[in-house]
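Each residue of the sequence shown is one higher than the one before, starting from 40 at the first, in this note's numbering.
C-beta: ideal position from N, C-alpha, C; glycine also.
Nothing here was measured: the structure is a model prediction, and the numbers come from that model.
Right, one structure below, let's go through it.
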Amino acid sequence: MKKILYINQKINSFKKEIFVEGDKSLSIRWVLISSLSKKKSVSYNLLKSEDVMNSIKCIKALGSKVKLIKNKCEIIGNGFNIKKKTKIFLNAGNSGTLGRLILGLLINSNNTIKLIGDKSLSKRDFSRVIEPLKKFGAKFNTKKTLPITMKGLENPKPISYLETKGSAQCKTTVMFAALKTKGVTKIKAKKSRDHTELLFKYLKLPIKIKKKEKFDLIKLKGARKIEPLNYNIPGDISSCAFFIVLTVLSNNSQLLIKNVNINPSRTGIIRILKKMGAFIKLKNQKIYKGEKIADIFVKGSKQLKSINCPAKWNSSAIDEFLIIFLVAAKAKGVSFFKNLEELNQKESPRLIWASKILDFMGIKNIMTKNSLKIYGNPNLFLKKKIIIKNFLKDHRVFMMSTIAALSFGGYWKINDVDSIKTSFPKFLKILRELRT
Ligand code: S3P
Numbered sequence: 040m041k042k043i044l045y046i047n048q049k050i051n052s053f054k055k056e057i058f059v060e061g062d063k064s065l066s067i068r069w070v071l072i073s074s075l076s077k078k079k080s081v082s083y084n085l086l087k088s089e090d091v092m093n094s095i096k097c098i099k100a101l102g103s104k105v106k107l108i109k110n111k112c113e114i115i116g117n118g119f120n121i122k123k124k125t126k127i128f129l130n131a132g133n134s135g136t137l138g139r140l141i142l143g144l145l146i147n148s149n150n151t152i153k154l155i156g157d158k159s160l161s162k163r164d165f166s167r168v169i170e171p172l173k174k175f176g177a178k179f180n181t182k183k184t185l186p187i188t189m190k191g192l193e194n195p196k197p198i199s200y201l202e203t204k205g206s207a208q209c210k211t212t213v214m215f216a217a218l219k220t221k222g223v224t225k226i227k228a229k230k231s232r233d234h235t236e237l238l239f240k241y242l243k244l245p246i247k248i249k250k251k252e253k254f255d256l257i258k259l260k261g262a263r264k265i266e267p268l269n270y271n272i273p274g275d276i277s278s279c280a281f282f283i284v285l286t287v288l289s290n291n292s293q294l295l296i297k298n299v300n301i302n303p304s305r306t307g308i309i310r311i312l313k314k315m316g317a318f319i320k321l322k323n324q325k326i327y328k329g330e331k332i333a334d335i336f337v338k339g340s341k342q343l344k345s346i347n348c349p350a351k352w353n354s355s356a357i358d359e360f361l362i363i364f365l366v367a368a369k370a371k372g373v374s375f376f377k378n379l380e381e382l383n384q385k386e387s388p389r390l391i392w393a394s395k396i397l398d399f400m401g402i403k404n405i406m407t408k409n410s411l412k413i414y415g416n417p418n419l420f421l422k423k424k425i426i427i428k429n430f431l432k433d434h435r436v437f438m439m440s441t442i443a444a445l446s447f448g449g450y451w452k453i454n455d456v457d458s459i460k461t462s463f464p465k466f467l468k469i470l471r472e473l474r475t
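Pasting the structure below:
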């Protein structure tokens, strides 16, 4: 595959219907949870991206059997017992979700686990999961970054844990470890995506949840076994986000995206864009195994308004801000996004990148450590040359830049095409469908 994408033409308006690939958070969770059951779990529409394939490689290294046949995936796990080896070597590649969650699963393993990742993951903060896992009794060779060597223990102790970042990865890591204890773990967590809670409830695991305005209180008892999990993975709203924005920014376009996960803890982008004047409707809403699913219908918008984005929506749009900033670039007025320190903790420092790309586009913006002010230009039309280096091969920086090029014009050279393999391998294929 070509490593650089050149775009020198805006997209023409389109009226189409598409499917996007399976949700990444649900795909990784399905793989990891299935590895805990001794019986066969089956999924359809599992996302076949590098993050998910690395999850499969990791559970295989831990003794699970995996069969992938076209759209179907079967996993037979090894119960709660990881195979006994002196040293287990795991590579999480680019995935923070995999790297963090799998440490939770390994809390009761006596083996020495060595975890590595790619250049981007090796820069990211792991102290956020190392600290709570130490409370369960695990031992680590490091305080903050990969490579990590961890040693678990046969009888981890339940803990009380306060999660203050709104990180579903931290919450889920602790929930996975809690399953392996003999007592009750208590979690007070700032609001974040709740896929793990819904899956645990569906599996009838001993979990109690109290939803408060800003926090959730979770009580989770250890379990000794887990039933198999059969699951049809719905489309990923984070992948849809790029096409939603492409449509919103294209005057006469219409798009129907079928069968998407619209869990309210993930749909911040819809709330934010609607507030900015976008036309988005949810159709055929239904519940599947606790998750909300719908078709998303979007129309191009002629007039977009700026937004002072409420920080309480941040966690439900955390992976979508890069693309939301493009809508702010075209909106009338000055938009303001705050309390976004977590954005610089992603695959690359995304707040910094967003500001740079807006600079390249000639959009005035003011960035602080955790906020971004964007001075929108409703007549934005680019004629210049823009090069996106994308040093850390961040998939969402690549896709955001592609949508900017197709929406605003200009002559773009965008590195690194292969980065889409992390979360959305079919991104360019779907774009080609919209262009024909
Ligand atoms: C994820 C949680 C989010 C998100 C990531 C996937 C998950 O990270 O950015 O892409 O599947 O739990 P944080 O929990 O660190 O915010």
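In this structure E170 is exposed. Its beta-carbon is surrounded by fewer than 16 other beta-carbon atoms within 10 angstroms.
The continuous alpha helix (DSSP H) containing A393 extends over residues R389 to F399. Between L185 and L144 the beta-carbon gap is near 17 Å, outside 8 Å, which marks them as no contact.
If the five residues before and after I309 are omitted, its C-beta is found closer than 6 Å to the C-beta atoms of I319, all from its own chain and listed in chain order.
Inter-residue distance for A262 and I46 is about 53 Å (C-alpha atoms, whole angstroms). Taking all protein chains in view, the Cβ of R474 is surrounded by fewer than 16 other Cβ atoms within 10 Å, so the residue is classified as exposed. Per DSSP, the continuous beta strand (DSSP E) segment holding K250 begins and ends at I246 to K250.
Under the three-state reduction of DSSP output, D90 falls in the helix class. Taking a C-beta distance under 7 Å as the contact criterion, I246 and L259 qualify as a contact pair. Under the rule that a run must span 3 or more residues, the beta strand (DSSP E) segments found entirely inside the segment 319-377 read 330-338 and 373-376. The beta carbon of K106 is closer than 6 Å to those of E113 in its chain, skipping five residues each way along the sequence. The segment 385-467 contains, as complete beta strand (DSSP E) runs of 3+ residues, the segments 404-406, 411-414, 421-427 and 448-454 (chain order).
In this structure D398 is exposed. Its beta-carbon is surrounded by fewer than 16 other beta-carbon atoms within 10 angstroms.
By the beta-carbon neighbour count (other beta carbons within 10 angstroms, threshold 16), P267 is buried. Between K229 and G205, the C-beta spacing is below 7 Å. Bounds of the beta strand (DSSP E) holding K229 are V223 to K229.
Annotation for S64 indicates a beta carbon within 6 Å of some heavy atom of the ligand S3P.
At a Cβ-Cβ threshold of 7 Å, I198 and K174 count as neighbours.
In this structure, G274 lies near V59, with their beta-carbon atoms less than 7 Å apart. Contact annotation: S462 and F437 have beta-carbon atoms that are not nearer than 7 Å. Per the DSSP secondary-structure output, T151 pairs in a beta bridge with K126 and K190.
Nearest in C-alpha terms to L244, of all of N180, S289 and E236, is E236. Under DSSP, Y200 forms a beta bridge with I226.
Only residues of its own chain outside the window of five on either side were considered, and among them K123, K190, G191, L192 and E193 have a CB closer than 8 Å to the CB of N149, listed in chain order.
CA-to-CA, the gap between P303 and G118 works out to about 32 Å. Secondary structure note for L238: it is in no beta strand (DSSP E), and the uninterrupted alpha helix (DSSP H) holding it is H234 to Y241. Within the segment 40-65, the runs of beta strand (DSSP E) at least 3 residues long that lie entirely inside it are, in chain order, 43-46 and 54-58. The ligand S3P approaches D358 closely enough that one of its heavy atoms is under 6 Å from the residue's Cβ.
Counting C-beta pairs closer than 8 Å gives three or more between the segment 384-396 and the segment 350-364, which meets the contact rule. If you compare the alpha carbons of S374, D334 and A370 with that of A350, the shortest gap goes to S374. Closer than 6 Å to some heavy atom of the ligand S3P: that does not describe the Cβ of S159.
Rounded to whole angstroms, the gap between the alpha carbons of L218 and A444 is 46 Å.
The beta carbon of K251 sits closer than 6 Å to no other beta carbon from its chain once the five residues preceding and following it are set aside. Here K249 is exposed. Its C-beta has fewer than 16 other C-beta atoms within 10 Å.
For the pair G372 and M439, the Cα-to-Cα distance works out to about 21 Å.
Taking K341 as reference, the option from K385, E330 and S289 with the minimal CA-CA separation is S289.
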